[in-house]
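First up is the structure itself, then whatever we jot down about it.
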Amino acid sequence: MSKLIATPGQTVGPFYGYALPFPKDSELVPPGQGGSIRVHGTVTDGRGQPIPDCLLEIWQADEHGVIAQRTGSLTRDGHTFTGWGRAAVDDDGHYTFTTVNPGVTEEGKAPFIAVVVFARGLLNKLHTRVYLPENPERLAVDGLLSDLPAERRGTLIAEREEDGSLLWNIRLQGENETVFLDFS
Amino acid sequence: MTPSEQPVVSSDAAANTQAEISEDMRVIHSAYETGKAAGSLSEETQPRIDFPPYRSSILRHPTKDLRHTDPETIELWSPAFGHRDVHKLESDLTIQHNGDPLGERMIVRGRVLDGDGRPVRNQLVEVWQANSAGRYIHKRDQHPAPIDPNFTGVGRCLTGDDGSYEFITIKPGPYPWKNHHNAWRPAHIHFSLFGTDFTQRMITQMYFPGDPLFALDPIYQSITDQKARDRLVAQYDHDVTQHEWATGYTWDIVLSGSNRTWMDTEEDDK
C-alpha cells in the first residue's frame, strides 16, 4: 500500500511536437540492421478516424530477453540498445518503431512490448501491451491474455507481416477497443 | 447512446458557451460530491478520462474498464537516462538563444517521489510551455500573440540523488483554445516523468496558485476532487526566490507506487 497519494495526470495536449520528439526517437535499433523489425500501426478514435496528435512510447527487453539498464536513449549512438523508444504519429495517425523482437524475460512467459499512450483529448496516460503472435500455446496460458474475453484478446496481439514487421493498431474507443491496463 | 453515436461537433468548433461548459462541469462535480458523501463513490485522485466538457475527449477515451493486471518483468523496470542524454544547461530555458526571453523569470523546483516517499533518482524530467504571451512554438498554435525569439519553452533535467529537479524559465501566459467560445487555459507547464517502474510513467501539467481560470477550465476540472486538483498547483516559495533575479516556486510530484521488490542496499542509501 502506497503511503503518498499520486499526483494526477493531465493530457499531453496538442503542442508536445516541438518538445518530446527527438532525432531517431523511434529507432531502438538503426533501420536495416540485421534482425531489426518494424512495429507499426494506426491509432483511431471512437468513429474509426485516425488520431493525428498521439504520442506512443515502447519499452521492451532485447532479443535475448535481457532488460537493458543502459543510458543513451536520447542520443542514439547506433550501438547501444536501451529498450525504450518514442514515436509521434503522423497526420494519418500512423506510427512506426524500428526495434527487435523482444525475447522471453521469464521462463514460460509470453514476450511482449510494454506500451504507453498519450494524446490530445486523452486526459491521462494509458498502458497496454503488444504480444508477439508466435507460440499460441504460450499465449493461451498467459496470465493477462487468458483472462480476457476471446473477442478482446486479439487487440493485444500483433500481426506478423511478410517482411517480418509487426502490425498493431490501437483503437482508443469503440469496436475492437484496445485493452488498456490498470496496475494499481 | 454510446459516444460514437452522439452527434459530436468538431472538438475545435468552439460551439458552446463558457456558461454551458461550466454548467456541465457543475453537474458532474455535484454528482461526485453527493456520491462521495453517501459513500457510493470513493475519493478520486486522477482525472476522469470520460469528461465531455473537454470536447476532444469524447471520442478518445476508452469506454471499457481498464483491465487490472499485475505488472510483469519489463514493466517493473524503467529506461535509464544519464548525462550523455541530458546536458546540465538544458534545465535553463532562459539561455537557449542570444538574448533574455521576455517575461517574469522564475525558478521551479521540487522532488520526484514514488508512492512510498522514496526519491526517484537520476531520472528524466521533461518540460514544455508557452512563452510569457501565451504562445507555443508550434505550427498548430496560430493565435495572435507574439513569438519570443529568445524563448523556445523546452527543458530537460535529471533528478538528483534526493529526487530533486530544478528549472529556470519564465512564467507562461494563459492562452486561448477552441474547446468552446472564449475558452482560455490557465497558465501551466507540461511535465513528463519517469519512475523506477514503467507503470509510473506519467505526463501532467503544473499550475500556478490562485489562477482565475481554474474554475472555467475543463482539463483542470476533469479532476473531480479539489484535494487532487490542488496537487497540480505549485506553491510560491520566497526561500526559492532570488534577490533581484527570479521568483521561486516549488512543486513536488508523487508517482504511483512502485511494485519492484527493493533491495536492502537501495533502501539503506536513499
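Sequences listed follow chains A and B, in order. Start counting the first sequence at 1; every next residue gets the next number (UniProt numbering). Start counting the second sequence at 1; every next residue gets the next number (UniProt numbering). For each residue, glycine too, the CB sits at the ideal point set by N, CA and C. Here the structure is a predicted model, which is why all the values come from computation and not from measurement.
- At a cut-off of 7 Å between C-beta atoms, residue 103 of chain B does not count as an interface residue with respect to chain A.
- Distance between residue 138 of chain B and residue 15 of chain A, taken at the CA atoms: about 6 Å.
- By the neighbour-count criterion, in which 16 or more other beta carbons inside 10 Å mark a residue as buried, residue 65 of chain B falls on the exposed side.
- Residues of the stretch 50-74 of chain B that bring their beta carbon within less than 9 Å of a beta carbon in chain A comprise 50, 51, 54, 55, 56, 57, 58, 59, 60, 61, 62, 63, 64, 65, 66, 67, 68, 69, 70, 71, 72, 73 and 74, in sequence order.
- Listed along chain B, the residues sitting closer than 9 Å to residue 3 of chain A by beta-carbon distance are 115, 116, 117 and 257.
- Taking 7 Å as the cut-off between beta carbons, the residues of the stretch 154-165 of chain B near chain A are 154, in sequence order.
- By the rule that beta-carbons nearer than 7 Å mark a contact, residue 101 of chain A does not touch chain B.
- Contact residues of the stretch 17-29 of chain A toward chain B are 17, 18, 19 and 20 (C-beta to C-beta distance below 9 Å).
- Only those residues of the stretch 111-125 of chain A whose C-beta falls short of 7 Å from the nearest C-beta of chain B are listed: 114, 116, 118, 119, 120, 121, 122, 123, 124 and 125.
- Counting every other CB atom within 10 Å of its CB across the protein chains shown gives residue 205 of chain B a total of 16 or more, marking it as buried.
- Identification of chain B residues near residue 172 of chain A by a Cβ-Cβ cut-off of 9 Å yields 59, 60, 61 and 62, ordered along the chain.
- Of all residues in the stretch 138-164 of chain A, only 143, 144, 147, 148 and 152 place a beta-carbon less than 9 Å from a beta-carbon of chain B.
- At a beta-carbon threshold of 7 Å, the residues of chain B lying near residue 45 of chain A are 59 and 60, ordered along the chain.
- A direct Cα-Cα distance of roughly 5 Å separates residue 128 of chain B from residue 153 of chain B.
- In this chain, the beta strand (DSSP E) harbouring residue 110 of chain B covers 105-113.
- Taken atom to atom, the span from the alpha-carbon of residue 250 of chain B to that of residue 170 of chain B is near 14 Å.
- With a threshold of 7 Å between beta carbons, residue 250 of chain B makes no contact with chain A.
- Residue 196 of chain B is not a Cβ neighbour of residue 156 of chain B, given a cutoff of 7 Å.
- Residue nearest to residue 91 of chain A within the set A:3, A:156 and A:43 is A:43 (criterion: CA-CA distance).
- With distances taken between CA atoms, residue 194 of chain B lies nearest to B:120 out of B:120, B:48 and B:44.
- Excluding its 5 nearest sequence neighbours in each direction, residue 124 of chain A has C-beta neighbours in its own chain below 6 Å: 9, listed in chain order.
- Taking the Cα positions, residue 60 of chain A is about 18 Å away from residue 75 of chain A.
- Between residue 166 of chain A and residue 39 of chain A, the beta carbon gap of about 5 Å places them in contact (Cβ cut-off 8 Å).
- Within its own chain, the residues whose Cβ lies closer than 6 Å to the Cβ of residue 152 of chain A, once the five positions on either side in sequence are excluded, are 179, listed in chain order.
- Taking C-beta separations shorter than 8 Å and ignoring five residues to either side along the sequence, the partners of residue 62 of chain A in its chain run 68, 81, 83, 100, 102 and 103, following chain order.
- Counting along the chain, no beta strand (DSSP E) covers residue 28 of chain A, and no H or E run does either.
- Taking 9 Å as the Cβ-Cβ cut-off, the stretch 176-187 of chain B approaches chain A at 177 and 185, given in chain order.
- The Cβ of residue 91 of chain A sits no closer than 7 Å to any Cβ of chain B.
- Of the residues assessed, residue 98 of chain A falls on the buried side of the cut-off, its CB having 16 or more other CB atoms within 10 angstroms.
- Comparing alpha carbon positions, the residue from B:213, B:232 and B:235 closest to residue 22 of chain B is B:213.
- The beta strand (DSSP E) runs of length 3 or more contained entirely in the stretch 43-91 of chain A are, from start to end of the chain, 54-59 and 84-88.
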